[in-house]
Structure formats: C-alpha cells, structure tokens
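Everything in the sequence shown is counted per my numbering, starting at -14 for the first residue and increasing by one.
Accompanying notes for the structure given below.
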Amino acid sequence: MEGLDAIKKRILADAREETHEIERQSEKVISDMMKQSQAECEKILSDAQKSAESSADVLLNRAESLTALEQRKTILGARQSLIEKVLDQTLGSLQQLSLSEKEAFYTRLIRQSGLDRGQIVLNEPDRVLGELLVKSCGGTMSVDPQPGSFAGGLIIRQNLIEENLTFETLLKNNRSKWIKLAADVLFDSKKSAGTE
C-alpha cells in the first residue's frame, strides 16, 4: 500500500503543479463567458425597463435568476473540464512511471488479485517486465506472447477468469473516487484561500 500511496502522492503533486496553469486558462474562459452572460443580462434588464412597471419586477427577477443559473452552469462546466484534464494527466503519469515503479506496482496488483496461476498480458512497452513479474510471483505464471492494446497495467487470464488491471480500467472502476479526490485538491484549496 505504501507504493500506491507514493504513486498517489506523486500524481497529486504533478496535478497540483499543472493545475495552476489550467486554472489560469479556465479563469479566462470563465471570465469571457461571464462577460457574455453579463451582456445578455443587461439586454434582459434593458428590455425589462422598457416594459410596463408591473411586469418589470417579474422580468428583473427572472433575468437575475437566469444569469445566476448560467453563471453556475458555466462554472460547473469549467470545473468538470478541469477535472477531466486532471484525470487524463493521471493516466499519463501512470504511463510515465519508471520500469522499477511499474514492476513494483504490477507485482502488488497481481498479488492483490488473488490469482496465482495463468497468463499475464502486458502492453508492448511493458513486455520487458514480463520475466521479472513471473519471477516475483513465484514462477507460477507466464507472459502472454501477444501484447495487449491498452495504455498500461496488465490483464491476468486464468482459465475462464480474466482480471483486468489496466490503467484505464483501474481509473474507470474508481472514477467517482478519483473525481472527488481531484475536486478536493483543485477546489478546496480555493475555498480555504477565500477566493470562492
């Protein structure tokens, strides 16, 4: 678990560094969208002032509500986009692990799977780890001669059982946790700084 924590900390550190640049870009997009929303609001407000006094209050409240709703939708969309970028960067960070880090990580994945026999499927770049993984698992497994077409991680095949431990699947199966973690890192820091 220490290795997973180290990988998680490394991914979070990389994400924080890249977050600042992404936030600057996102703030510009949000600012432009806010200006556009503000212009639309001003048009609605102008139309409201030209209408009868009795309906002006109704239109004004509606315009403010619509503007607030649009602003919330814009901010939510920007946040979702930022989180998606962080998740993409997480996959990239996993792919860029050193061979020794991948060997340790893959060995833990194999042991945690509970499968002690079968074939290990690796992608083409990670095939150099095949024999090391077989040895680290006691020599009861073999490496599939056919490489897998996935970004990283591995698949274990034992008879009719297939354990998919690819990076893509690990991220997908824990997506809600990764999204929450990314949101906590990206947006809770702003709350504590008083900018939100």
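Even for Gly, the Cβ is constructed at its ideal location relative to N, Cα and C.
- Query: Does the beta-carbon of Asp111 have 16 or more other beta-carbons within 10 angstroms, so that it is buried, or is it exposed?
  - Reply: Within the sequence shown, numbered from 1, the residue matching residue 111 stands at position 126. That one is buried.
- Message: Since Thr151 and Leu139 should fall inside the 8 Å C-beta cutoff, what is the C-beta to C-beta distance between them, to a whole number of angstroms?
- Response: By 1-based counting over the sequence shown, the position of residue 151 is 166. By 1-based counting over the sequence shown, the position of residue 139 is 154. Sure, about 7 Å apart at Cβ, within 8 Å.
- Query: Where does Gly145 land, buried or exposed, given buried means 16+ other C-beta within 10 angstroms?
  - Reply: Numbered from its first residue, the sequence shown carries residue 145 at position 160. Per the sequence shown, residue 145 should be read as Leu rather than Gly. Classification of Leu145: exposed, given that the 10 Å Cβ count is below 16.
- Query: What number of angstroms, rounded off, separates the C-alpha of Glu(-13) from the C-alpha of Ile15?
  - Reply: To locate residue -13, count along the sequence shown from 1; it is residue 2. To locate residue 15, count along the sequence shown from 1; it is residue 30. About 39 Å.
- Mind checking Lys13: buried by the 16 CB within 10 Å criterion, or exposed? Mapped onto the sequence shown, residue 13 falls at position 28. By the 10 Å Cβ count, Lys13 comes out exposed.
- Scan the stretch 76 to 107 and note each continuous beta strand (DSSP E) run of 3 residues or more that stays entirely inside, going in chain order. 103 to 107
- Tell whether a beta-carbon distance below 9 Å holds between Val128 and Leu118. Along the sequence shown, one-based indexing puts residue 128 at 143. Along the sequence shown, one-based indexing puts residue 118 at 133. Result yes, Cβ atoms of Val128 and Leu118 sit closer than 9 Å.
- Item | Minimum C-alpha distance to Asp32 - residue among Gln23, Ser22 and Leu44 | To locate residue 32, count along the sequence shown from 1; it is residue 47. For Asp32, the nearest C-alpha among the options comes from Leu44.
- Message: Once DSSP output is grouped into helix, strand and coil, what is the label at Glu(-13)?
- Response: The residue labelled residue -13 in the question sits at position 2 within the sequence shown. Three-state DSSP puts Glu(-13) in a helix.
- Task: Kindly list the residues whose CB is nearer than 8 Å to the CB of Ile141, restricted to its own chain and excluding five residues on each side of it in sequence; keep chain order.
- Result: Here residue 141 corresponds to residue number 156 of the sequence shown, with the count starting at 1. Closer than 8 Å at the Cβ level, and outside the excluded window around Ile141, lie Ile95, Ser98, Leu100, Gly103, Gln104, Ile105, Val106, Met126, Glu147, Glu148 and Leu150.
- Item | Straight-line Cα distance separating Arg160 from Glu109 | Within the sequence shown, the letter at position 124 stands for residue 109. Within the sequence shown, the letter at position 175 stands for residue 160. Cα to Cα, Glu109 sits roughly 25 Å from Arg160.
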